[in-house]
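What follows is one structure encoded as structure tokens, with my remarks underneath.
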Amino acid sequence: MPRADRVQRALLNALDATAQDAFTILDQPPAQPDQALLSSWPTPDDPTWRPDLRAAVTANARANVHRKLSRTARDGNIPLAVADGHLLYATHTPDLTEITEAPNCEFRIGLSPGQIRPVAVRPMDWYQAQCTDNTNAARTLKNSCASW
Numbered sequence: 054m055p056r057a058d059r060v061q062r063a064l065l066n067a068l069d070a071t072a073q074d075a076f077t078i079l080d081q082p083p084a085q086p087d088q089a090l091l092s093s094w095p096t097p098d099d100p101t102w103r104p105d106l107r108a109a110v111t112a113n114a115r116a117n118v119h120r121k122l123s124r125t126a127r128d129g130n131i132p133l134a135v136a137d138g139h140l141l142y143a144t145h146t147p148d149l150t151e152i153t154e155a156p157n158c159e160f161r162i163g164l165s166p167g168q169i170r171p172v173a174v175r176p177m178d179w180y181q182a183q184c185t186d187n188t189n190a191a192r193t194l195k196n197s198c199a200s201w
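Each number in the numbering used here comes from the position in the sequence shown (counting from 1) with 53 added on.
Take a look at the structure:
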């Protein structure tokens with residue numbers, strides 16, 4: 054590299070020094086003796102488990118729920134409470150089709166991922182009691198109903 058520009062040589066030397074420093078730091082033992090005794094995070098027995106894929110699936114599902122919520126709100130159906138994928142809507146009847154058959158609603162009733170299923174019906178007095186206790190009613194329903 055004798056013919057290289059001085060700026061290019063300086064940049065290459067800086068990159069080489071940075072890489073050498075990084076490898077030196079990675080090769081050092083722990084600074085605190087207690088760190089060596091710590092165990093790594095437990096992973097499931099499933100060999101295909103990857104936290105980055107799980108996070109991507111969760112983010113995709115969350116984005117889909119937000120999109121469906123905004124489109125359903127165009128018909129005036131706004132959830133009373135939301136918690137971890139559980140939505141609480143007010144309806145005139147105990148039938149969920151009152152919301153799902155609205156023109157702009159993208160929620161579909163079913164058991165597949167991305168579809169909704171009716172879990173519990175509670176009277177409006179129950180919801181108002183949850184609000185006076187400063188409790189998220191959707192979280193209460195999530196914790197009280199059996200999962201499918």
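Glycine included, every Cβ here is placed at the ideal spot set by N, Cα and C.
- Contact between residue 117 and residue 167 holds, with the beta-carbon distance rounding to 6 Å and staying under 8 Å.
- For residue 139, no alpha helix (DSSP H) encloses it; the enclosing beta strand (DSSP E) starts and ends at 139-141.
- Here DSSP, grouped into helix, strand and coil, assigns residue 131 to coil.
- Secondary structure of residue 136 (DSSP, three-state): strand.
- Between the C-alpha atoms of residue 120 and residue 59 there is a straight-line separation of about 54 Å.
- Here residue 162 is bridged, per DSSP, to 169.
- For residue 106, the three-state secondary structure derived from DSSP is helix.
- For residue 183, the number of other beta carbons within 10 angstroms of its own is at least 16, and it is reported as buried.
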